[in-house]
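Remarks on the structure that follows.
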Ligand code: BEZ
Ligand code: FE
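Numbering (the working numbering), first residue to last: 3 to 294.
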């Protein structure tokens, strides 16, 4: 049969019928049907098709060991959050802190720190204390839970983006909760910041009139025995862009009060001086799914 606009999709779907791996066959058939429907919908000219190939080539060429432009593309198209949300802890009846994107800056190992330590190694910013409890879904505290934390500084840069300004590990820490599942650490309030704009994804945002900003947030990965780990953020409640995150990662339940505190006793307990900012962020871990 000739390859025509009418027969194209069936011909390509049929070409995958011998695929032994059932899941791979299902994925390739669906990809073919959706991709062909997309092409029929937009009816690209040859020049537009070449531009599309050029764009994807540039995305690949921008990737290296510190930069993942394909993930960034997935992020700005909302695909990262769609996959995350479909696989996350709040996708059905389970209860647990909602998950959100990992992002590209979890690239180095966070240094192990003691509860109460500061992750702001420069000590020049306004003090902020983050405290909370890691809990099971029934409210039982989880002692010994592990918390991997990372954030940008008050200027909106991660340590890896400013190797000449920030020491490695600045804004990062690996903590273990105490016997009551509690954690606390000192830091600075992170700033909102633009995702990297100097590559093809930045040019795409520019061409479509979209801003590149993420609202201020602190990243967490929390894990404990017999529970599902969660990758999430505490978003700063009054941050710019809280309603228009460039990567669609804000969930209302993750918006956290970062409150100005004049509590002298609290300040002494946490090793800061008044006024300081205090954010309380509890994390609830869903049980691990039963394996059969
Ligand atoms: C981040 O929060 O670190 C991030 C997430 C997605 C894209 C860029 C940065
Ligand atoms: Fe971030």
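From the three backbone atoms N, C-alpha and C, an ideal C-beta is built for every residue, glycine too.
Predicted model only: the values in this text are computed from it and were never measured.
- By the Cβ criterion, the stretch 98 to 117 is in contact with the stretch 232 to 252, since at least three pairs of Cβ atoms, one from each stretch, lie closer than 8 Å.
- According to DSSP, residue pairing for residue 138 in a beta bridge involves 287.
- Distance from the Cα of residue 162 is smallest, within the candidate group 262, 110 and 71, for 110.
- For residue 58, the shortest C-beta to heavy atom distance toward the ligand BEZ is 7 Å or greater.
- Taking a cut-off of 8 Å for Cβ pairs, the stretch 146 to 154 and the stretch 221 to 234 touch, as three or more such pairs fall below it.
- Its chain contains 71 and 72 as the residues whose beta carbon lies nearer than 7 Å to that of residue 65, once the 5 sequence neighbours on both sides are disregarded; these appear in chain order.
- Shown here, residue 165 sits in coil according to DSSP, grouped into three states, outside any helix or strand.
- Judged by DSSP in its simplified three-state form, residue 208 adopts helix.
- Residue range 81 to 89 is occupied by the alpha helix (DSSP H) that includes residue 81.
- The DSSP-derived three-state label of residue 238 is strand.
- Scanning its chain for C-beta atoms nearer than 6 Å, with the 5 sequence neighbours on each side dropped, one finds around residue 9 the residues 3, in chain order.
- Judged by DSSP secondary structure, residue 57 falls within the alpha helix (DSSP H) whose first and last residues are 48 to 63.
- Here residue 36 is exposed. Its C-beta has fewer than 16 other C-beta atoms within 10 Å.
- Per DSSP, residue 10 is one residue of the alpha helix (DSSP H) stretching across 10 to 17.
- Under the DSSP assignment, residue 189 falls in the beta strand (DSSP E) whose first and last residues are 184 to 190.
- For residue 262, there is no enclosing alpha helix (DSSP H); the residue is found in the beta strand (DSSP E) stretching over 260 to 263.
- The alpha-carbon separation between residue 207 and residue 81 amounts to approximately 15 Å.
- If you check the C-beta of residue 105 against the ligand FE, you find a heavy atom less than 7 Å away.
- If you check the C-beta of residue 84 against the ligand BEZ, you find no heavy atom less than 7 Å away.
- Contact annotation: the stretch 265 to 278 does not touch the stretch 287 to 294, with fewer than three C-beta pairs closer than 8 Å.
- Within the same chain, and ignoring the five residues on either side of residue 107 in sequence, the residues whose Cβ sits closer than 6 Å to its Cβ are 160.
- If you draw a 10 Å sphere on the C-beta of residue 13, you find fewer than 16 other C-beta atoms in it, and that means exposed.
- Taking each of 60, 198, 199 and 278 in turn and checking the Cα distance to residue 129, the smallest one comes out for 278.
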